[in-house]
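Structure record follows, encoded as structure tokens.
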Amino acid sequence: MFKNIKFRAAVATLVFLAALFYLIPTLLPNLPDFWEEKLPKDKIHLGLDLQGGMHLVLEVDADKAVEATLERLANNFKETLMDNKIRFRKMDRDSGKTITLELTDPGQRDAFDKILKNHYPDLSSTRSETIEGREKLYLEMNKKRMDEIKKMAVEQSLETIRNRVDQFGISEPEIIPQGDDRILIQLPGIADTRRAKNLIGKTALLEFKLVDDEHSLEEALRGNIPEGTEIVYGSHVDRETGRQTSSPYLLKSKTLLTGDSLESAKVQIGDRLGKPHVSIRFNSQGANDFERITGENVKKQLAIVLDGNVYSAPVIQERISGGQAQISGAFTMDEARDLAIVLRAGALPAPVTILEERTIGPSLGQDSINKGIWSCIVGGILVAIFMAIYYRFSGIIADIALGINLVRLLGIMVIFGATLMLPGISGIVLTIWMAVDANVLICERIREELRSGKTARASVEAGYAKAFLTIFDANITTLIAALFLFGFGTGPVKGFAVTLTIGIVVSMYTAVFVTRIIYDYLIWNRKMTRLSI
Amino acid sequence: MEFIKPDTKIDFVRWMKAAIIISLVIILTGIVSIIWHGGLNYGIDFAGGSLVQIKFKEEPEIDKIRSNFEEIGLENSIIQTYGTHELVVRTPEARTDLKELEAKIGTSLATAYPTGSFEIQRTEVVGPKIGKDLTKKALLAIIFSWIGILIYVGFRFEFRYAVGGVIALIHDVLVTLSIFSLMNKEFDLNIVAAMLTIIGFSINDTIVIFDRIRENSRKNIRMGQRDIINMSVNQTLSRTILTSLTVLMVLVVLFFFGGSVIHNFVFTLLVGTMAGVYSSVFIASPVVLLFERIKPSSRTRKK
């Protein structure tokens, strides 16, 4: 089958045209309308070092997610115990990972164990001690469950951040997990880094809590915080003076409703003063809860707490049905919009810290691209001229092969959605060089065969056969190195490996398949007896 | 057109001792230089820290800027010129608030230069934790790729070839690192990419010669190993020169016109390419020969 020259030429042409087809959106700045509508319009993705933008590495504090789960479990457990009339005191959380409590009646231990076993399989009692006739118990979460929560926390964070970035409208973001608890985020073309950081890094845990009006705030501020309450501050920055004011609230610890019950959040402009606020809508369950809560607490203050900061604490005037509420504050339009986005996308299951942050000015990127591209073109033309002079007609065949090679390599990169960064370009440089080398090897071999007095046809046959072995070994060795780099490397090392792998496969195909077609055509169809080499 | 006459017969193996000595001298000087400089001049990719790059309209006076920076507590920062009108300021500690650092540098410069005459082009911060991780992973990846090459070449050729090839690779990386350290250039992630390219270049070059040695050994069973190596290097010399000439041509263009961002990168490639060509001729095959003396290959003994 591969002996048939027409068939081989057809395959080569088809592959080339397919690559060119995928490359067209990258090459043409303005696509015709029909293309925009129906055909692929992905361009080559440029990495941050070439395009400019923002690069972040976040660490998910997965331990905090475990603590939060434990907190919730402890609260539920407390209620279950009370429901079952098991008497206990001093239920507390120790060092984040252990729940301690004292059973007042040691006779209830069996009943206690039964509840623990049946309803709380994630918890187990690790040890106990008896103090003054009361049994003190230590409960811990299973290791397996803890690992599960940590893993979930990272996965959910990834999903949530992806959601937020998508809604913010950044094109071609890269959000990928790194290691066990890190997330790498690359946002091309972002200029306002503070805003982006805020958007991504905000936990966005929205809570509704009642203001405690039975106890005195002053007393609590002096240190006597009543059981079941907490002091939360609401800070507020004055737009005009830039001064930050902060006022304390005494809130009931129990969270009545969280952001989980939200259905949507959007920015609205208030009627008075035209100030923006965020209007939220609960889902049906949330709306029912909200109606019940507001109904039960008319004339009380309901605090809206976001990430431990009280945004507002309006007095409930009447039972609110329909599941609508609003968060007001001195927002700018952008702030309100970003808040709506984070609320819609949901809370991060655990807080994140920024380990690495880079911003690269796009002007620098554009500058280096232009210079780099021009130098590559000039260098490439020099090589092409040189090859044509040195090997004459065969050199021109090699040049054609190299051109085809480059188009196919870039085309495949578009298809795979690979991102082109500086290391990737060095991968391309290496493969182009290997392609040049393959052509040189073939030409040199053919020359050798011609020198030993063989005919053109025999020389081409033997030259290709012998050069193929060399090209194969050299390329496969490099390919193996590239695969190892891909497997063990990260970031730039990986990027290099990807382009190198694609490049090697492509250039091997060109060297032994495409150029051969031209020679065979000349020798078999045009009956050429003298090679220009 | 031909550069090398087909009947060229240079006794390359004769130069083997001298070549090994020259290479050792370069590498040892490099090691001394690395120790002297207290390690490589790591960029913030590896060392961690903050980086601010500023572009000026006119050529900036470094001394003036340095004294300006001392006033704002940046006396520990390294100020380097970058291109003709650009400065790179690196501070060792990783600042979490880049905007603050940018503003600080901006106001400090504004006292000495009129607004509009400079522009802060990029700011980066890398935690040292990341730097350590990256260094370790990049290094591991490279070492594993060497092992991969060792296994494949050992399998396709013979073990002694694999050893020769990998030694040539390590040689090229070490020589490049040595010269890098001697010039005290900044070592960052892009340089790692360049090193990877050098490894690819070097192994490709070496395999081409090995392939010829293998072919010639099969054809001329009676010929001594030394003559076979000489013959093979001579036969591939035309290709070696041609290929490296083309790559050097591109690199030289990139070096002079590619812009400051890829300057160090291209420099590394230039040095590495030359080391690669040199090592595949003078180091890789002689090592095979050396290895043959210590432990003759099973294949020749059988014959």
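Protein sequences, first through last, are from chains A and B.
Residue numbers 660 to 1192, in the numbering used here, belong to the letters of the first sequence in order.
Residue numbers 3 to 305, in the numbering used here, belong to the letters of the second sequence in order.
Note that the Cβ used here is the ideal one computed from N, Cα and C, for glycine as well.
Straight-line CA distance for residue i to residue j?
i	j	result
R158(B)	Y1178(A)	30 Å
D781(A)	R748(A)	22 Å
K868(A)	L915(A)	6 Å
N266(B)	P684(A)	32 Å
T1012(A)	E791(A)	45 Å
I1161(A)	I1087(A)	9 Å
A962(A)	I835(A)	36 Å
M135(B)	L843(A)	Note that residue 135(B) is Asp in the sequence shown, not Met. The straight-line gap from Cα to Cα measures roughly 14 Å.
A1006(A)	L998(A)	11 Å
L1083(A)	N947(A)	One point to set straight first is that residue 1083(A) is Gly, not Leu, in the sequence displayed. Taking the straight line joining both Cα atoms gives about 55 Å.
M660(A)	L690(A)	Here M660(A) scores only 45 on pLDDT, less than 50, and its place in the model should not be relied on; the value that follows carries that caveat. Taking the straight line from one Cα to the other gives about 39 Å.
I820(A)	G1076(A)	21 Å
M713(A)	A49(B)	20 Å
F146(B)	G156(B)	15 Å
L1061(A)	A277(B)	25 Å
V1037(A)	T900(A)	57 Å
R823(A)	Y892(A)	27 Å
N232(B)	K221(B)	15 Å
I1101(A)	M1167(A)	12 Å
L817(A)	G1148(A)	22 Å
Q767(A)	T759(A)	16 Å
Cutting at 8 Å between CB atoms, please list the residues of its own chain near residue i, excluding the five before and the five after it.
i	result
N1184(A)	I664
L272(B)	L250, L253, V254 and F257
Q903(A)	S894, H895, V896 and D897
R228(B)	V15 and L291
Output needed for residue i: all residues of its chain with C-beta closer than 7 Å, excluding positions within five of it in sequence on either side, in chain order.
i	result
T739(A)	I774 and H778
D764(A)	R746
F1155(A)	P1082, G1083, S1085, G1086 and L1144
V235(B)	F14, I211, V283 and S287
Y306(B)	Outside the shown range of chain B (3 to 305) lies residue 306(B), about which nothing can therefore be said.
F950(A)	Looking at the sequence provided, one finds Glu at residue 950(A) rather than Phe. So the qualifying residues of the chain are R978, I979 and S980.
Would you give the residue range spanned by the beta strand (DSSP E) that residue i belongs to?
i	result
R1017(A)	V1011 to I1019
F120(B)	F120 to V128
P1151(A)	Counting along the chain, P1151(A) falls outside any beta strand (DSSP E), though it belongs to the alpha helix (DSSP H) covering G1150 to Y1168.
V165(B)	Unbroken run through V165(B) is the alpha helix (DSSP H), F161 to L184; no beta strand (DSSP E).
T785(A)	L782 to I790
So, helix, strand or coil for residue i, using DSSP?
i	result
A668(A)	helix
F1127(A)	helix
E761(A)	strand
M800(A)	strand
R841(A)	strand
E726(A)	helix
K697(A)	helix
A1006(A)	coil
D751(A)	strand
I884(A)	coil
R731(A)	helix
S79(B)	coil
E836(A)	The displayed chain sequence assigns Pro, not Glu, to residue 836(A). Here P836(A) sits in strand by DSSP.
N968(A)	strand
T248(B)	helix
I56(B)	strand
E4(B)	coil
V957(A)	coil
R978(A)	coil
Which first and last residues belong to the alpha helix (DSSP H) in which residue i is found?
i	result
S219(B)	L191 to K221
G32(B)	M18 to W38
Y620(A)	One cannot answer for residue 620(A) here, as it falls past the ends of chain A, which runs 660 to 1192.
K856(A)	T852 to G860
Q630(A)	Residue 630(A) is absent from the structure shown; chain A starts at 660 and stops at 1192.
Leaving out five residues on either side along the sequence, give the residues of the same chain with a beta carbon under 6 Å from the beta carbon of residue i.
i	result
D871(A)	T888, L909 and K911
I1019(A)	L707 and G711
T117(B)	none
A863(A)	V1001 and A1006
Q815(A)	P1008
Less than 8 Å between the CB atoms is what I'm expecting for residue i and residue j, so what's the real figure, rounded?
i	j	result
T917(A)	L865(A)	6 Å
H87(B)	E61(B)	6 Å
F58(B)	S119(B)	6 Å
V716(A)	L1014(A)	5 Å
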